[in-house]
Structure formats: structure tokens, C-alpha cells
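Take a look at the structure below.
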Amino acid sequence: MQALAGCRRFTPDMSTSGPSLEDFVNEVKLAVARSRSGFDLVQIPMPSALKTSGGSPLNRFGMAIDLDACNGCGKCILACMQENNVPLSSKERRASGQFMHWIEMRGGAPSMCFHCGNAPCEKVCPTGAASHTPDGLSTMMYKRCTGSRFCGANCPVGARKFNYDDAVKEGLSRRFNDQVPLRSKGVMEKCSLCLQRLQDSKHSHMAMLPGMEWRGAGVQTACAVACPKHAIIFGNWLDPTSPLVKAAKRRNIYAPAEVADLDPSVVYLRGNR
Amino acid sequence: MDAVLNSLCCLMALGSSMFLWRTPRSVFKEGGLITLYLVLFMTFSYLTMEGSDATLEYLPLRMLALCICFSVTSIRSHKTRYLVMAQILWLWIEFFGGVSLVYRGLDMPWTRVIAIGSCAAGSVFMNHISREMEFILMVYWIAIWMFF
Amino acid sequence: MPELQPLAQVPFDHSLHGDSIGLDCNHCHGGAHFQGHAYMPSKKDCMDCHRLPLTEKPGIEKLDSLLALSGEFPWNHKKVLPEHVVFHHGLHYAAGVQCSDCHRPLGGADYRGGLAKGKPYSMQMCVDCHARKTFKDKDFKPAAVYCGACHR
Amino acid sequence: MYRIPIYIGVVLLLLGATAFGVSLWEGPAAWHTDMRTLWGTPIALFVLWIGLAHAGTLISAIFLALGFPLDRRTSMIAELSTLCSLVVAAMFPLLHLGVIENFYMVIPFLDARGNFANIRSPLVWDFCSIAVYAVVSTIFFVTHLLSEKREPLKKMVRPMSWLLFPLVLWVHTVVSLDFAVTFVREWQGAFFPLYFISGAIYSGLALVIILLMAEHCRVRLLEKLMLALSWVMAAFWLWEFMLKGTFSFEVVFLGAVVPQLLWLRPIRDNSFVIMLVAVSVILSLGLERYILVTPSEYNVGNAFGWVDLGLVVFSLGLFVTLFFVLRVKLRKPLEGDDVVMGELSVQDEEKANPVVGELSNNFHLLRLPLLVGFLVTLLYVLWAVSVVPDPMISLSVANIAPLCLPLLVLVATVTLCAKSFWQVLAPKAKYVLVVLMGVAGMLVGMFWAGGSSAAAPGAVSVQELATPKPAEKIWEARCASCHGRDGLFNEKFVREFYPVPQKLSLERLDSLGMDSLVSVILNGRINMNAYGDRLTEEEARGLVFYMRLLAGEGK
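Protein chains in written order, with my numbering: chain E, 12 to 284; chain R, 95 to 242; chain L, 239 to 390; chain S, 685 to 1239.
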């Protein structure tokens, strides 16, 4: 890998500064123990290409969570925190059950941003910090966020987390992964479907195989990799060869009633194994 | 909402409009009457419509607006101004109610909004309104209510 | 702040190492054409050619001695990208963008040429080019302008 | 005169300032928030004070427009209260932000980086409407203030009131949309626009009644209106209960039951009790706003911390101080020549100045400004639709329409009164005006440039994915410097500095064989450098294959 790296100094491993891994593990344990009530699920068809303008006909990334396989161990939460440098939450917030976790346990199964095709949060964001990519990710541009918390108020499932505290200054955040910037105080954050991994894959692809279409093959989200039961499947809804489509075929697809008619990209699977 | 209920609403608005601004009354009487109508319309729409229908939320206000539109035709002085204002009130309710519903996934009642808007804009330029014109306006409003 | 390398005593001149001797950017800046970063050359990369004094210029012995003294990584990489931005050199090269479109080909200390014309790089430059406002003469394809393309 | 209220105000202000400072310092963590309550007290106060700000415009502008002018002093008091409440109201949305210095990103305006605010967001409409409302009502106030002496301004007041009339209702409608468009169950309601407007006017009237008490005068018309509105509000609360089953006893008691005391003559005659009633009305509306922005399951009363209370006190203190200080400063022009205070019955007024055909007179004055405003608005909308940078955003009329009226009114007002203002303004005032414009221009420039995008200490590293690098790329990066891109070595370089390497030919490659070639690549030979520590063996093998390819092409 470093064949041509020359003088590159790989950014110093910052993971040593900040709270210890145990703190994160413990917080995840706490969160899993405080698992919130589940959704009432309704059956939906398999997600198709975005109906909004500018959607890509090739890619729409999403995830499926297999409720028959998941046992609610919470490893995905920890993996997500390590991949995306998600900070711990302050004592007071923790006491009232508020965590910064991008993945939460709802009724014993993980739930994160559903990356709705027509996302209510993006419609009300005054600055455009909450925006959509053509391949179906609901993204957050932290530098453009002014912290009006309108998106958070308008998210039907409360998937968005607000940085009430300056996590870096208060020693709550730890940089496990130097490919994801740390969020500053006063901005919203949420599951990005591991945007950075998709970007890196796409960029390398465009550099090495220009002219060939990129379908995001081989990309995995941290939670999907971490799941011991393989209950989380990431993939491209529009690519029939994608593991996601294969897994979702011949299964019943569900989404929470709150987002069912908002064209979610992240869904639940159940039955017909 | 089915046509029968719809026409029933229209009839209620028409009927109740008969008793507004008849004789020069105090703020109290008019205010009280309008409130009474509002409560009446609210109870009516609450009892007759199923709660799942989001358009229920502003039905009573729309009925009230229609009622006021009808009623202002009986005002003596500055009739034009009050006609315009009454229709703008109706437009206001329809448009902003519509906007809030658009963001919740329903679609905008554009034809209705445009019809009312154009009617309001048109009536700005009537400096004298004859009985016939009043009648035509009323028919037009009823048509808007029933069909758009 | 990284320690000052011995080599810092001699100014590096791109014009001596560039086209004049038929060398391409990615001969020294490995990866400039197909990787994310255009890396700075390691000492070994320099020594590939500088094992023997290459010219009769008086400065050359000094350079060679300094090279001998200097550490494994004689150059310091200067970061210009904010934390929330990704820039991939390789894909821009693949899209037909030349190094000199953004970098000063014969630059001394200041590598900011081309579009930047010595000014600091800014998002405006990126966006203008992506939206095909600049380089109208070149046949670049219009590039992505949605936030998620370059920001994370 | 007014010494006591000013003292009270200052004390409240100082008490509340602590909470305000804490909130500025700590950000949204300072006041009460939880899983469902992301907004909290500042927004509640903002909605309340914006509502209170309606009184002035309502009483002077709308009554004036409709031809029930109250006496000058009453309407001036009302307008002053509007301005002061606006100042108070404007602070809280800013305080509410997580990153206050980024507030300018809400302005629908294209910056140097091609960023454009998301004009689909009610918050953007909100910001614009309130900014315009502040500007226009200030102009209106000043015009009204100066119109006593200066003729050219006098005839501006009424047309301007016609411009202000729709704007004031528009502002609160837009505020209500902030809630009505969301998916929060407690906030959903297509009836919110009128609901909020009535609430705003209701509380505004109560405020004006209190302020008039301080002037030792009463306007019965306003009290009647307040009573009538109390019924309308009761109806709306009933509707809320029907739709959502939410119902607050305190709100209904303070806001709908207490005002009914006005039925009793002895109470109606006692100004102090009337003041109490007005206070209870404001309390009820404030409580209602707080409950609205705090849609949590449990009793919000428990969550109301000292910072929340402090913010309330701060807003109150700020208003009282501002209002009465200005009241004293502007005493002369405010009170003017007429000492007529107290009730003017509507009927008398209508007889006093017949308003027949007055609409058309105003229209005559308004024609040009409205036309200009309309054109500018149209141009703006076209421009805005064309510049929206994000291909994923598609705009509809419903997204932009709420933005239009404020812009139209702003342009119209300016064009309406610019000329006559320029006539009446003193030279010094003109200089001030010019300077202000300069400052505004500077701000626009700053917003255009946007914040700095300086390199952060730890820039993210792009992950080099483990794609096996095609030998071609390695050849270009490592070998082509001497051996040339095409295998026919790089003339410029090798002729000058190095002995010419062997010519690439299939025979030669075959004679040497794969393994020896790989070892040469990795360990080097006479002039050939060793790449063992920079290339893996597989990559070296790949290179050999690539050399064969080149050699094949070579001949």
C-alpha cells in the first residue's frame, strides 16, 4: 500500500487521546439496557430509484436490518462510534437517556437514520446543511450547519443528535478514525451510512477505472461489518448483484409507520427466510 | 370528503351568513356570533369527518371564511373593500393551510386557491356592486367550494 | 511543527527537475496520477538519481552531502485541505485535469499556480470548475456539485 | 414620570442578564431540552414577543387603514411597543442557534462559494419576514413621528399602513408555519395561521391596554376587542382539544375564563383589575407558547429551570427598560399637540373623517411603489429558482410564495417614502443614513465571503483502497523516469546523466527470465536502483509482465 507513499507521514494515531475504549463500551451497554420502545412496522415495497429530482438511476445505497437474525447485542453501536468518532454524552444527558449514538436500540433492534427519499429534515433545514446525494444518502454538512435544530424537530423517528456539548474540549470524544472529522459544538449529526467509505471507494474507482460505472460494490458500513449475526446488510438497491438486493428478495420488507411513506432507504426484514 | 357532506358544509355557511352584520351591532355581538359559528362548524366537522383526514384541520375555518364572504354582501358602506378582504381571508386560509399540508405530503388545492385569488383580485375593481353581481359572486363561490 | 530538514538550506527548483529532463510530476510525487495524495518523495526516491553527482554545478556537492545527511523523509508535506474536505488527485487526473491547472509548474516554495494564481485555494475555485465556469477552453465534463461529493 | 417602571425594568434586566449570559456561553445546553424538546424557552419567548409586537401595527396601521383612527398618542404608544417587542423577539432566535456566528447562512442570498439558503425552509421565510417587518414598522413609526410637523410625510402614513396591514398578518402566519409544516403531532394544524394570528393580536391588545394604563388612559374599544378575541381563542383551544386531545387548564382559565370578568360593570370600571386581566391574558398566551414548543410526554413544569425563568425575566426587563426609556426620550414628538387621550367611539370617528373612496386615493399613491415591488419580487424569484445550486432540490410555488410579500412590501415602502424622506431629513440625518447604507454594504460583503475555510490541524486522510495497482501505473511513476513511458527510455534524462539502459526486447526479456528480472527490480544492478523496499514482489512481477507488453508493442 505504501509502495508510492514516499514522504507521506500517516496522521498520528490520535486514538490514544480522549476517553478509554472501556468508557465507550460501558456507554453502549447502558444504552442497550435503556433500549427505547420499538416502532410499529408496516410492510413496504423494495426501495427503488429516488423519485426526487436529480436522483441517480444507478445507485441508491441503503441497508436492511434482519429482525429474525438480530439479537440486539449492540456491537453495531460501538462499531459505529469507532468508525465515525461519535462522542460520549455528558453525565446529565446520559442520565436522561440521551446519547450521541447514531444507532439506537428501539425495541431490541438497531435503528438509525432511515435516509428517507423525500426527507422531511432536509426540507426544513434553513441553510441546506442537511442535503441529499444523488445516490440516496441524507448527508450533513457540519460547517454549513447553524444549529437551528429544525431538522431534529422534524425527524419523525428522532434519529438526529445535537452536539449540546463541546465534546473535544470536555474530553468526551476520541478520534478512532482519522478519516472522519470531529464535530464541533452546536451542530446536528446523524448516521451518514459511512459516507466516507463510499467516497473513498468512488474516488479510487474513478481514478483507477475511469469510464466504468461505479455501483459501490464491496463497500460495507461499519455496523454491517461488526454484526456477528450478519443481521445488517448494506448495499445498492438498484444493483441486482448487490448483497442487499439478494438478501431482501423473497423477504417481507418493513419500515416504521412514521417514515413508511417517506420512501426510506433503510428497512427492516422479517419472515420468509 | 364526499359531496353530500361538502354541500352540507356549504349550506351551513350560507345559512349562518344570514345573521352577520345585519344591523349595526357592537363588537361583542358580531364577535360572539362569529365565535358561535366557529364552534358550530368545528363540532360539525369533528362529528362528521374521520380524524385521519388532515384536511379536517382547517375545514371549520374554511367554512367560516365562506360564511363571511356570503355575509359581507349585505354590508352597506365600503362593500368593495370588505368583499375583497373577506375573499382574501378565505384565500389566506386555503393557501397557508395548503402550504402546511404540502410539507406533510398532501398536495396543494391549486385550482381552488387560484379561483379564489382571481375572484378577489377581480372584485378590487368593482366600485359599484349590484344585486345581480352579488348573486353571481355567491354562485361562483359555491361553485369553487363544491367542485374545486 | 516538524524539525527543519538539512535540505531546507538549498532551495528546490522544479524547473531543473521537470520537463527539462523529461520527468513527470508523478515520478517524484508518486501517486499524483492515480492516488488520493500526491506524495512528497522520500529520500530513497531522491537518491535514485542523486546517487552520483549529476552536474558540474558548484552547488551540487553541497546538495549531495546534505542529502546524505538528511533523514528518511527529507520533505515536509504542507496541508491545505480543511478537515471536512476530501480531494482525490487521481480522479482529477483521470478526468483530464493537469497538475499545472491548479499547481504552479515551475513554482519554488509556492506551489499555488494555475487556477489559484498564488491565492490560497478556496471552495470557490473548486465549485467554479465543477460547474464549468472556469477552463471553458478545455473539454472537462461537468462535475458533481452536491455537498456530499467532496465534504464529509 | 416613568421613573419607577424604568427602575423595575433595569432590575429585571440585570437579574435576567445572568441567565442570558449563561445561555450565550453554554449554548442550547443551558435551558431545558430533551429528546423531544429540541427548541425550548427561547423559541417560546420569540413567538410570544413577536405576537406582542403585533399590537402596535394592528392598532395604528390596521385601524388607520380601515378608517377607525385612534388618537395619535395611543397609536404612537402602540407602535413604540411594537418596536420594543420586536427588538426583544429578534434576540431569541439568535440565542437559540447552536452556531450563532453562522446565522447569516439563513439569508436567501448566494455567497462566494455558491451556497444558497434552503428557501424551502419556513425558518428562512421567518427570518426574512421579521427582518422586513422590523424595517418597515420602524419606517412607519418614524414617519408617523415626524408627520406632525412635516407635510410631505403626512400623506404617506395611510398608504404605508395599507402596506403594513398584510405584512403584520403575514409575519405571524409564517411563524405559525414553523410549527405547522412539521411532523411533530402537537404542532400539526392547518388551522395554525389564523390561530396564531388571533393569539398574537389577543396578547398584543392586552399589552397595549397595560401600557395605556401607565398613561392613565383607557380605550374601551380595545378592551371590547380583547374580550371578543378571548372567545375566539377559546374556540381555537376547543378545536385543539378535539383534534389532539391536548388541553391545559391554566391556559384556558387565564386566557378564556378570567377575561369574562369584564362582563361585570364594577370590574370594567376599575382600571387596576382590567390591568390584572390583561396580565393574565399575556401569562396564558406565554404559557401556551411554552407548552407548544415543549412537546414532551411528562409535565413540562418540572423541567422549567432557573435559566428558563431567567430568560423570561430578561425579556420582560429588556422590554420595560427599552419602552419607557424611549417613551421619556421621545416625549415631545410622541404626545404632540393633542392632549386628547381616552376613548373615541368608533361611530364618531367614522363620522369625523369619512373614508369614502380613500382606498382609491391610497391606491393612487401606492401604484408606482407596488409596481416596483412586484417587479423586484418577480426578478428575485426567477433569480432564486435559477441559482439554487443543489440539483437535488426542486422548488415549487408553495416553497417560495411565503417569501414574496415581505420582499414586495419592503421595496414598495422604500420607494414610497424615499423621496419625501429625503426632502424632510436634516443634512446630519442624511449623513447618518449614508453611513448606515455603507455599513449594510459591508455586511453584505462579509456574508458573501462567508466564514474562513482555513486548513484544520488534522486534515482527514483519504483512504487508499487496497486495489492492486496496475503495473502500468507503477511503471509510469517509478520506471518511466529512465526507461520512458513507452519503454524506449527517456532520452532527455538518461543521455545526459546515465548510461543508456538496455533496449527492451522480448528476446532479451525471455533470455533473462522472470525471476532474475524481478530480483533486478527489487535488489538493483549496476545503474539500476533497488526498489525492494518500495515495491512488493507481486508488483515487481506485474512490472515484468508490463515490460513484455511494452516490448511487444515496441516492434
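C-beta: ideal position from N, C-alpha, C; glycine also.
Owing to the predicted nature of the structure, the values given are computational and were not obtained by experimental measurement.
Worksheet item: Opposite residue 52 (chain E) in the DSSP bridges: which residues?
Response: DSSP, once it has assigned bridges, lists E:267 as partnering residue 52 (chain E).
Practice prompt. Could you have a look at residue 1229 (chain S) and say whether DSSP puts it in helix, strand or coil?
Written response: In the displayed model, residue 1229 (chain S) falls within a helix according to three-state DSSP.
Discussion item. Against chain R, does residue 1050 (chain S) count as a neighbour if the rule is that its beta carbon must be under 8 Å from one of theirs?
Written reply: False, the Cβ-Cβ gap to chain R never drops below 8 Å.
Worksheet item: Taking the alpha helix (DSSP H) that residue 44 (chain E) falls in, what are its first and last residues?
Response: Counting along the chain, the unbroken alpha helix (DSSP H) around residue 44 (chain E) starts and ends at 32–44.
Worksheet item: Distance, Cα to Cα, residue 1068 (chain S) vs residue 1086 (chain S)?
Response: Cα to Cα, residue 1068 (chain S) sits roughly 14 Å from residue 1086 (chain S).
Fill in: Residues from the segment 195–228 of chain R in contact with chain E, defined by Cβ distance under 7 Å
Considering only beta carbons, the part of the segment 195–228 of chain R lying closer than 7 Å to chain E consists of 197 and 199, in chain order.
Item to complete: Within the same chain, show all residues whose beta-carbon is closer than 8 Å to that of residue 980 (chain S), passing over the 5 residues directly before and after it, in chain order.
Response: These residues qualify, in order along the chain: 718, 719, 720, 721 and 987.
Worksheet entry | Residue span of the alpha helix (DSSP H) that contains residue 106 (chain E), given as start and end | It spans 102–106 - the alpha helix (DSSP H) in which residue 106 (chain E) sits, taken as one unbroken run.
Worksheet item: Within 8 Å (strictly less), CB to CB, does residue 728 (chain S) reach chain E?
Response: Residue contact with chain E for residue 728 (chain S): absent (no Cβ-Cβ distance below 8 Å to any residue of chain E).
Fill in: Given 8 Å, three or more beta-carbon pairs between the segment 768–783 of chain S and the segment 728–735 of chain S
Pairwise C-beta distances place the segment 768–783 of chain S in contact with the segment 728–735 of chain S, as three or more of them are shorter than 8 Å.
Worksheet item: Does the beta-carbon distance from residue 144 (chain E) to residue 155 (chain E) come in below 8 Å?
Response: No, these two residues do not count as a Cβ contact at 8 Å.
Worksheet item: Would you say residue 793 (chain S) faces chain L, with C-beta separation under 8 Å as the test?
Response: At least 8 Å separates the CB of residue 793 (chain S) from every CB of chain L.
Discussion item. Quick check on the burial criterion: 16 or more other C-beta atoms within 10 angstroms. Buried or exposed for residue 241 (chain E)?
Written reply: Exposed is the call here.
Item to complete: Just mark residue 872 (chain S) as buried or exposed, buried being the case when its beta carbon has 16 or more other beta carbons within 10 Å.
Response: Its Cβ being crowded by 16 or more others within 10 Å, residue 872 (chain S) is buried.
Discussion item. Strictly by DSSP, which residues pair up with residue 278 (chain E)?
Written reply: Per DSSP, E:75.
Fill in: Burial state of residue 115 (chain E), where buried means 16 or more other Cβ atoms lie within 10 Å
It counts as buried.
Practice prompt. Throw me the rounded Cβ distance for the residue 158 (chain E) and residue 781 (chain S) pair, which I believe falls under 8 Å.
Written response: Residue 158 (chain E) to residue 781 (chain S), Cβ: 5 Å. Contact.
Worksheet item: Listing by chain order, which chain S residues have their CB less than 9 Å from the CB of residue 197 (chain E)?
Response: Under the 9 Å cutoff, chain S gives 711, 712, 781, 782, 783, 784 and 786.
Worksheet item: Quick one: what's got a C-beta closer than 8 Å to residue 171 (chain E)'s C-beta in the same chain, skipping five residues either side?
Response: Closer than 8 Å at Cβ, skipping near neighbours: 124, 132, 162, 163, 199, 200 and 201.
Practice prompt. Ignore the nearest five residues each way along the sequence and tell me which others in residue 822 (chain S)'s own chain have a CB closer than 8 Å to its CB.
Written response: Around residue 822 (chain S): 767.
Fill in: Span separating the alpha-carbon of residue 959 (chain S) from that of residue 151 (chain E)
In this structure, the alpha-carbon of residue 959 (chain S) lies about 50 Å from that of residue 151 (chain E).
Practice prompt. Following the continuous alpha helix (DSSP H) through residue 47 (chain E), name the residue where it begins and the one where it ends.
Written response: No alpha helix (DSSP H) holds residue 47 (chain E); DSSP gives it neither H nor E.
Worksheet entry | Three-state secondary structure assigned by DSSP to residue 716 (chain S) | Coil at residue 716 (chain S), not helix or strand.
Worksheet item: Taking 8 Å as the CB-CB cut-off, is residue 157 (chain E) touching chain L?
Response: Answer no: the Cβ-Cβ gap between residue 157 (chain E) and chain L never drops below 8 Å.
Worksheet item: Since residue 336 (chain L) meets chain S, which of its residues come closer than 9 Å, beta carbon to beta carbon?
Response: Those do not exist, as residue 336 (chain L) stays about 15 Å from chain S at its closest Cβ, beyond 9 Å.
Worksheet item: By Cβ distance below 8 Å, which residues in the same chain neighbour residue 51 (chain E) in space, the five residues on each side in sequence not counted?
Response: Taken in chain order, the residues that qualify are 267 and 268.
Discussion item. Is there a C-beta anywhere in chain E that falls below 8 Å from the one on residue 1165 (chain S)?
Written reply: Chain E contact via Cβ: absent.
Worksheet entry | residue 299 (chain L) - containing beta strand (DSSP E), residue span | Going by DSSP, residue 299 (chain L) is part of no beta strand (DSSP E) but of the alpha helix (DSSP H) stretching over 297–307.
Practice prompt. Please confirm whether residue 295 (chain E) and residue 233 (chain E) have their CB atoms less than 8 Å apart.
Written response: Since the first and last residues shown for chain E are 12 and 284, residue 295 (chain E) lies out of range.
Worksheet entry | Neighbourhood of residue 194 (chain R) by C-beta, 6 Å cutoff - its chain only, sequence neighbours within 5 removed | Cβ within range, chain order: n/a, list empty.
Worksheet item: Is the segment 236–254 of chain E touching the segment 67–78 of chain E, taking contact as three or more C-beta pairs under 8 Å?
Response: Result yes; three or more Cβ-Cβ pairs closer than 8 Å.
Worksheet item: If we call anything under 8 Å between Cβ atoms a contact, is residue 322 (chain L) one with residue 389 (chain L)?
Response: Yes; because the gap between Cβ atoms is below 8 Å, this pair is in contact.
Worksheet item: Is the segment 1223–1237 of chain S close to the segment 1157–1174 of chain S, with three or more CB pairs under 8 Å?
Response: Contact holds: three or more Cβ-Cβ distances are below 8 Å.
Discussion item. Could you check whether residue 910 (chain S) and residue 893 (chain S) sit closer than 8 Å to each other, using their CB atoms as the reference points?
Written reply: Judged by beta-carbon spacing, residue 910 (chain S) lies within the 8 Å limit of residue 893 (chain S), meaning their Cβ atoms are closer than that value.
Discussion item. Quick check: what's the CA-CA separation for residue 148 (chain R) versus residue 135 (chain E)?
Written reply: Linking residue 148 (chain R) to residue 135 (chain E) through their CA atoms gives a straight-line distance of about 20 Å.
Worksheet entry | the segment 107–114 of chain R / the segment 839–854 of chain S touching (three or more Cβ pairs under 8 Å) | The segment 107–114 of chain R is not in contact with the segment 839–854 of chain S.
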